[in-house]
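Enquirer: If you scroll down you'll find the structure; I have some questions about it.
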Amino acid sequence: MLGKSSENVVGRPVDEPKLEAFNKLCSFLDNKDNCQYLLSDLMEMLLHFCAVSDKLYSEKHLLKFLSERYGNSVLISARLKYFETFVSFRPVAWEILRGNY
């Protein structure tokens, strides 16, 4: 969608500050050894990477975009009553699942 004229693109226009912050977050995640994050920590990192603090993706959209970008390499937990949502990348997710079954 990026780089195409707005006449040919259907849907909501791309919000560049949000997209840039998301790409910086993904670059950070790609270069770190830590493979498990709380969703609240990812939202805080996204805020850090965003030039305009009121221009953030919601938690729901962030999870959607992480799923789209990383596909089967990411496991996103469901929010439970006493536990926060967490995001794990494949190596850690497999260890957690294997240890519990």
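Residue numbers for the sequence shown follow the UniProt record's numbering, so the first one is 1 and each next one is one higher.
Note that CB positions come from ideal geometry on N, CA and C, so glycine has one too.
Exposed or buried, Val-14, counting other C-beta atoms within 10 Å across all chains shown (16 or more means buried)?
Expert: Flag for Val-14 reads exposed.
Enquirer: Please specify which runs of the beta strand (DSSP E), each continuous and at least 3 residues long, are wholly inside the segment 53-81, giving them in chain order.
Expert: As far as the segment 53-81 is concerned, its whole beta strand (DSSP E) runs of at least 3 residues are 74-76.
Enquirer: Ordered along the chain, which non-local residues of its own chain (more than five positions away) have a Cβ less than 8 angstroms from that of Met-43?
Expert: Leu-56, Glu-59, Leu-62, listed in sequence order.
Enquirer: Can you tell me whether DSSP reads Phe-28 as helix, strand or coil?
Expert: In the structure shown, Phe-28 sits in a helix (DSSP, three-state: H, G or I).
Enquirer: Kindly give me the distance between the Cβ atoms of Glu-84 and Leu-39, rounded to whole angstroms, as I take these residues to be in contact under 8 angstroms.
Expert: The Cβ separation is near 6 angstroms, so the contact holds.
Enquirer: Just to confirm, is the Cβ distance from Phe-86 to Ser-73 under 8 angstroms?
Expert: No, they are not a contact pair.
Enquirer: For Ala-21, which residues of its own chain have a beta-carbon under 6 angstroms away from its beta-carbon, when the five flanking residues on both sides are left out?
Expert: Around Ala-21: Leu-46, Phe-49, Cys-50.
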